[in-house]
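Residue numbers (the numbering used here), protein chains in the order written: chain Z, 1 to 242; chain X, 1 to 330. Don't be surprised by glycine CBs; every beta carbon is placed ideally from N, CA and C.
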Amino acid sequence: MARYLGKETTRVDGLAKVTGKAKYTAEFQIPNVSYGFIVLSTVAKGRITAIDTRQAEQASGVIRVFTHLNAGRLGPAPAAGAAPAWSWPLQSDRVFFNGQPIALVVAESYEQARYAARLVKTTYQTESHNTDFSTVLDRAQPDPATAKGTPRGNPVAAMQAAAVKVEAEYRIPINHHNPIEPHAAIALWQGDQLTIFDKTQEVFGVQKHLAEHSRGVAICRWCLRCIAQAELLPVVDGDGGA
Amino acid sequence: MRPFEYVRATDATSATAAMSALPQAKYLAGGSNLLDLMKEDVERPTRLVDITRLPLRDIQRTRAGLSIGALATNTETANHPLIRENYPLLTQAIVAGASGQLRNMATNGGNLLQRTRCNYFYDTSMPCNKREVGSGCGAREGLNKIGAILGWSEACVATYPGDMATALYALDARVRVRAPDGRERLIAITDFHRLPGDTPQRDNNLEHGELIVAIELPVSAGDFARNSHYLKVRDRASYAFAMVSVAAALDMDGSRIRQARVVLGSVAHKPWRSAEAEAVLVGQRADEATFQRAAEAALRDARPLAHNAHKVELGRRSVVRALMRASRLA
């Protein structure tokens, strides 16, 4: 490890990335591909009371516009009485965050999809939101998965008996990812075989996620391949380095 | 971006005709602001009139001083020997702005017309009286760190962010404008941009269809060549808009100030030329105490918003520092 710390090291894929030779997900050449452009919520919390896609549907090149009204079931059906999960898109009228996907416009070209996305008109009933983390810290709960473990030794006693105690609060500022590669995914159906090209570090995770939870689409794992451009070096920045 | 018609003009007459025929038409020169705004769906022209082929790029001496073509790029203008020698404040201001790549594309006319960078103006899901009359001002009670501290109204607290114009206000520039009927008029630069009042949708006093053909600098602005300074204070050292900027220009007789120009940038809907500060300076010795009094005068009527109170003190100190540098005391 000490051989590398503090030393400039060329990434094996560095040259490819800066010269444009690295192939990113959106660059795989698939015949007859259509393009989806995501419409995002413009409120932080609430419900969609109406979403009007007629103008978007009539725009040049548009094939279909998906919203929570026609997207079909993705992910597991929520337990009776439970709130819908935010992690599967277009499954309810609920808005959980600003910039949440609320519609997908599919068209023959990227520009047509993007333009039609601007024509989707949405009205919301907003609820008050809170994005100030510090005001809700008192409601923080330990993560059940990690809280289960039993402590080794007696931390409380050790702290009490310690000759020197250091107590400090550390805050991490907001981190913004600045990926080189734009987010993209390609779904290629060949008969009942689905190949997904995805911008992911976790190809088997994506495969598992889609296969196990896409009941409305009836995919089994063996029919679903997930392909991502492999990283050639160990990830150093934690977000796939893409 | 909405669909639009593209027309390439060959001369000023056809350009102004193509523009004035449609209320939703816009001129296209460098496009470094307009195209961004079209991609953000803020500007939605139905016709773009490309004026880049018009012969309006020359920078030349005239009897009255200097004429700077509206289509000369920011880079060409900043680097021109006549500007560097006679109006170095303008060079300093231009190169403080944007990036080299942007300055190579951006034209002088377009630079004057650049629109506010207020986040609420840019976000089409937010209320903005400038973008949509009567919809409200999202910045007034919102996140208004980059908002105005002078001259704002309840309808709009946006600022004009350009550096070049701030220097032009200090140099008594005039804007030569051509109407569709071919007649030209000169607009004093201080009358070019507007305050928001209750018409924030209008940034400036151009009539639709009018074409900026040149910016003219008087010979007298050359008096400031020796003692001028453009100070730009911002979060980053480069490629960022000003938090506050100051164009300071002095005409000095030894250590006495004969004439003074003090213009603050990014504090109002237009560059803010401070007659109050200038009145304090004229006839005085150039020293820090005098500059402090001028700075107090410049910001006396400042009314900060919830998130930009720091701009008032920052503005005062920036005025002092700019004057210190202009007078070569610092």
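Look at residue i and residue j and say whether their C-beta atoms are less than 9 Å apart.
| i | j | result |
| --- | --- | --- |
| X/Ala-155 | X/Ala-148 | no |
| Z/Pro-89 | Z/Ala-77 | no |
| X/Ala-221 | X/Asn-119 | no |
| X/Ala-334 | X/Leu-89 | Nothing about residue 334 of chain X can be reported from this structure: the residues present for chain X run from 1 to 330 only. |
| X/Ser-318 | X/Val-244 | yes |
| Z/Ile-102 | Z/Thr-67 | yes |
| X/Asp-163 | X/Ala-242 | yes |
| X/Lys-26 | X/Glu-40 | no |
| X/Ser-274 | X/Ala-306 | no |
| X/Leu-195 | X/Lys-145 | no |
| X/Val-262 | X/Ala-286 | no |
| X/Asp-203 | X/Arg-140 | no |
| X/Val-133 | X/Gln-60 | no |
| X/Gly-182 | X/Thr-13 | yes |
| Z/Asp-52 | Z/Val-95 | no |
| X/Gly-65 | X/Val-175 | no |
| X/Phe-224 | X/Ala-165 | no |
| Z/Lys-23 | Z/Leu-15 | no |
| X/Phe-291 | X/Leu-314 | no |
I want to see whether chain X comes within less than 9 Å of residue i, judged by CB atoms only; does it?
| i | result |
| --- | --- |
| Z/Arg-118 | yes |
| Z/Thr-67 | no |
| Z/Tyr-115 | yes |
| Z/Thr-49 | no |
| Z/Thr-42 | yes |
| Z/Gly-216 | The predicted position of Z/Gly-216 is uncertain, since its pLDDT is 48 and thus under 50; no value can be drawn from it. |
| Z/Asp-143 | no |
| Z/Val-39 | no |
| Z/Val-236 | Note that Z/Val-236 scores a pLDDT of 31, beneath 50, so its modelled location is shaky; the value from the coordinates is reported in the next line. Taking Cβ atoms only, chain X never reaches closer than 9 Å to Z/Val-236, which makes this a no. |
| Z/Val-18 | no |
Compare the C-alpha of residue i against each of the options and name the closest.
| i | options | result |
| --- | --- | --- |
| X/Glu-296 | X/Leu-281, X/Ala-72 and X/Gly-134 | X/Leu-281 |
| X/Arg-131 | X/Pro-271, X/Thr-199 and X/Thr-107 | X/Thr-199 |
| X/Gly-109 | X/Leu-22, X/Ala-70, X/Asn-129 and X/Ser-99 | X/Ala-70 |
| X/Glu-206 | X/Ile-94, X/Ile-83, X/Glu-276 and X/Ala-188 | One detail in the question is off: residue 206 of chain X reads as Leu in this sequence, not Glu. X/Leu-206 has its Cα closest to that of X/Ala-188, out of X/Ile-94, X/Ile-83, X/Glu-276 and X/Ala-188. |
| Z/Pro-188 | Z/Tyr-35, Z/Lys-23 and Z/Val-12 | Looking at the sequence provided, one finds Leu at residue 188 of chain Z rather than Pro. Nearest option by C-alpha distance: Z/Tyr-35. |
| X/Glu-276 | X/Ala-326, X/Lys-270, X/Asn-33 and X/Leu-264 | X/Leu-264 |
| X/Arg-316 | X/Leu-329, X/Ala-289 and X/Ser-327 | X/Ala-289 |
| X/Ser-20 | X/Ala-214, X/Glu-210 and X/His-310 | X/Glu-210 |
| X/Arg-63 | X/Leu-22, X/Met-324, X/Glu-216 and X/Glu-278 | X/Glu-216 |
| X/Val-177 | X/Ser-266, X/Ala-326 and X/Phe-192 | X/Phe-192 |
| X/Phe-332 | X/Thr-16, X/Ser-32, X/Leu-48 and X/Leu-22 | The structure shown has nothing for residue 332 of chain X, since chain X only spans 1 to 330. |
| X/Ala-96 | X/Ala-237, X/Thr-107 and X/Lys-311 | X/Ala-237 |
| X/Tyr-160 | X/Ala-260, X/Arg-8, X/Trp-272 and X/Leu-37 | X/Trp-272 |
If you measure from the beta carbon of residue i to each beta carbon in chain Z, is any gap under 9 Å?
| i | result |
| --- | --- |
| X/Met-38 | no |
| X/Met-243 | no |
| X/Gly-138 | no |
| X/Arg-261 | no |
| X/Pro-127 | no |
| X/Arg-2 | yes |
| X/Asp-172 | no |
| X/Asp-235 | no |
| X/Asp-50 | no |
| X/Asp-251 | no |
| X/Asp-163 | no |
| X/Asp-41 | yes |
Please check the pair residue i and residue j, which I expect to be a contact at CB under 8 Å, by giving their CB distance rounded to whole angstroms.
| i | j | result |
| --- | --- | --- |
| X/Leu-112 | X/Ile-212 | 7 Å |
| X/Thr-75 | X/Arg-103 | 4 Å |
| Z/Asn-98 | Z/Ala-26 | The pair is not a contact, with the Cβ atoms about 25 Å apart (cut-off 8 Å). |
| Z/Val-105 | Z/Ala-117 | 5 Å |
| X/Ser-67 | X/Ala-179 | So it is not a contact: roughly 18 Å between Cβ atoms. |
| Z/Phe-197 | Z/Ile-186 | 4 Å |
| X/Tyr-230 | X/Ala-78 | About 11 Å separates the two Cβ atoms, so there is no contact after all. |
Please indicate yes or no: does the CB of residue i lie closer than 8 Å to some heavy atom of the ligand ATP?
| i | result |
| --- | --- |
| X/Ala-96 | Judged by which ligands are present, the structure shown has none, so any question about the ligand ATP falls away. |
Within 9 Å (strictly less), CB to CB, does residue i reach chain A?
| i | result |
| --- | --- |
| Z/Val-136 | The chain inventory of the structure shown lacks chain A, comprising the protein chains Z and X. |
- Query: Along the chain, which unbroken stretches of the beta strand (DSSP E) at least 3 residues long are found entirely within the segment 65-139 of chain X?
  - Reply: 65-69
- Output the residue ranges of the alpha helix (DSSP H) runs that lie fully inside the segment 82-119 of chain Z and measure 4 residues or longer, sorted by chain position. 110-117
- Item | Complete beta strand (DSSP E) runs within the segment 115-154 of chain Z (minimum length 3 residues, chain order) | 121-126
- Item | Length at least 3, wholly inside the segment 188-276 of chain X: the beta strand (DSSP E) runs in chain order | 211-218, 227-233, 244-253 and 256-265
- Message: What ranges does the alpha helix (DSSP H) occupy inside the segment 7-70 of chain Z, keeping only unbroken runs of at least 4 residues that lie completely in it?
- Response: Taking only runs of at least 4 residues, the alpha helix (DSSP H) segments lying wholly in the segment 7-70 of chain Z are 14-18 and 54-58.
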